[in-house]
Amino acid sequence: MRHNKPYRYFMHLVVWMALVLLYAYPSLRISFNSSFGLKRVLVQDILYGFINFQLFFLLVFVWLPKPVVQRRYGQVIIRSILAVCGFAVIKYAVGYFLFPDQVLIRMYSMIGKPHVYYSFPMYFLMATKTGLGVALLAYSYRLLLQRQQTGPQDRLLASAAEAARARYIRMQENSRLLLHNLQQLTPILEDERKRDQEGVKAILLLSDLLRYMLYDKALEKDTVSLPKELLNFERYVELRTLCNNHQPLELVITGDTQQGTLAALQLQQTTEAVLQQFHNNSGPVAIRVQVRQDVVMLSVQPDRAREQHYQFKLYPDHV
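With numbering that gives the first Met the number 0 applied, the sequence shown closes on residue 318, and no number is skipped along the way.
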């Protein structure tokens with residue numbers, strides 16, 4: 000019902016005229032005992048306030064919506080000026096034919112002499128100034144309505160853009176990590192003794208990681224299932240151990256690993272960042288993953304180095 004045009008018109012009219020009456024109330028109270036003064040207030044304030052409302056409503060809901068949406072500001076200016084000038088002529092015509100003594104009177108003369116009235120150019124200029132104020136108010140209100148209407152769409156577009164940006168950054172990180180794994184795999188493939196056994200196994204592991212990190216649709220979302228993430232983390236640990244015999248990784252996972260979701264590849268990226276800091280260290284590296292109710296704890300302890308702890312938010316399965 001609120002989008003019905005008559006309802007919209009009358010609701011805005013009620014608010015507008017209430018403001019007009021509030022503005023005219025002091026003059027009404029003073030002129031209440033004078034028929035001439037009362038008529039002047041009713042015409043100049045109430046009637047012409049009603050005419051100004053027609054200008055306001057015409058601009059807000061008829062003439063300005065399309066150019067405002069299209070951001071054609073030249074059209075906004077032209078249409079506003081045409082409407083203001085047209086209503087200035089209407090105001091002069093109403094005063095000239097119906098209420099000359101209330102609208103067009105410029106100076107009251109002594110008895111026996113004619114009153115002095117505004118000429119059309121003078122009154123047109125005054126009415127245009129008032130109309131420009133109404134047009135500015137109408138344009139501001141139109142922008143407010145447009146913002147309310149397009150606000151949800153803008154937020155959706157911004158959210159989609161942010162999601163696309165996050166996916167792009169994640170793909171860059173995944174590609175960088177895969178390239179690093181491939182570089183580590185190269186020495187194994189060049190060694191004839193390791194190529195047939197360790198090399199084949201490493202290639203299979205890298206292929207599985209490649210499918211997961213670049214082509215798995217689960218990574219298009221913000222989070223992935225914990226079982227899938229842990230499975231590919233185990234593949235990563237095994238692949239890195241094959242490629243770095245001097246720094247074997249010892250992985251221990253505890254807790255409930257069958258439920259929950261977490262941000263994709265955080266375990267791999269964090270572990271790889273720590274290991275690259277200690278790439279010159281030889282000896283085993285202890286990696287512990289502990290799954291708790293709402294968090295996943297990761298501990299990485301290179302040989303002869305201080306253990307480092309990290310934690311990641313664990314979300315319910317439906318998120």
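Ideal placement from N, C-alpha and C gives every residue a C-beta, glycine not left out.
Residue burial classification, residue i (beta-carbon count within 10 angstroms, cutoff 16)
i: residue 239; result: buried
i: residue 139; result: exposed
i: residue 204; result: buried
i: residue 315; result: exposed
i: residue 318; result: Low local confidence applies: a pLDDT of 47 at residue 318 is under 50, so the model's placement there is unreliable, with the coordinate-based value given in what follows. That one is exposed.
i: residue 86; result: buried
i: residue 228; result: buried
i: residue 9; result: exposed
i: residue 0; result: Summary for residue 0: the model assigns pLDDT 38, below 50, so the residue's position carries little reliability, and this model does not support an answer.
i: residue 257; result: exposed
i: residue 189; result: exposed
i: residue 110; result: exposed
i: residue 101; result: buried
i: residue 282; result: exposed
i: residue 270; result: buried
i: residue 79; result: buried
i: residue 216; result: exposed
i: residue 301; result: buried
i: residue 251; result: exposed
i: residue 72; result: exposed
i: residue 91; result: buried
i: residue 82; result: buried
i: residue 225; result: buried
i: residue 135; result: exposed
i: residue 198; result: buried
i: residue 354; result: Residue 354 lies beyond the stretch modelled for the chain, which goes from 0 to 318, so this question has no answer here.
i: residue 313; result: buried
Coil, strand or helix - residue i by DSSP
i: residue 0; result: Note that residue 0 scores a pLDDT of 38, beneath 50, so its modelled location is shaky; the value from the coordinates is reported in the next line. Coil, per DSSP.
i: residue 110; result: coil
i: residue 116; result: strand
i: residue 175; result: helix
i: residue 105; result: strand
i: residue 255; result: coil
i: residue 318; result: Confidence at residue 318 is low in this model, with a pLDDT of 47, below 50, so the placement of that residue is unreliable and no value is reported for it.
i: residue 180; result: helix
i: residue 63; result: coil
i: residue 166; result: helix
i: residue 51; result: helix
i: residue 91; result: helix
i: residue 44; result: helix
i: residue 5; result: helix
i: residue 190; result: coil
i: residue 28; result: helix
i: residue 280; result: coil
i: residue 158; result: helix
i: residue 229; result: helix
i: residue 266; result: helix
i: residue 97; result: coil
i: residue 70; result: coil
i: residue 34; result: helix
i: residue 207; result: helix
Per DSSP, the bridge partner or partners of residue i
i: residue 312; result: 294
i: residue 224; result: 260
i: residue 127; result: Paired residues: none, contrary to the question.
i: residue 250; result: 286
i: residue 10; result: Beta-bridge pairing links residue 10 to no other residue.
i: residue 307; result: 299
Selected residue, minimal CA-CA separation from residue i, among the options
i: residue 274; options: 243, 224, 204; result: 243
i: residue 284; options: 163, 256, 267, 247; result: 247
i: residue 303; options: 289, 295, 280, 288; result: 280
i: residue 95; options: 48, 73, 42; result: 42
i: residue 4; options: 25, 30, 59, 104; result: 59
i: residue 222; options: 124, 84, 311; result: 311
i: residue 98; options: 29, 82, 40; result: 40
i: residue 15; options: 67, 64, 52; result: 52
i: residue 64; options: 17, 251, 145, 184; result: 145
i: residue 54; options: 127, 307, 161; result: 127
i: residue 57; options: 22, 130, 287, 236; result: 130
i: residue 276; options: 254, 89, 305; result: 305
i: residue 61; options: 13, 141, 22, 113; result: 141
i: residue 298; options: 196, 187, 22, 309; result: 309
*Specify whether the stretch 116-125 and the stretch 167-174 touch according to this definition: at least 3 beta carbon pairs, one from each stretch, less than 8 Å apart.*
no
*Do the stretch 25-37 and the stretch 46-57 make contact, defined as three or more Cβ pairs closer than 8 Å?*
no
*asked:* Three Cβ pairs or more, each shorter than 8 Å: is that satisfied between the stretch 220-234 and the stretch 260-273?
replied: yes
*Contact the stretch 156-166 vs the stretch 199-216: 3+ CB pairs below 8 Å*: no
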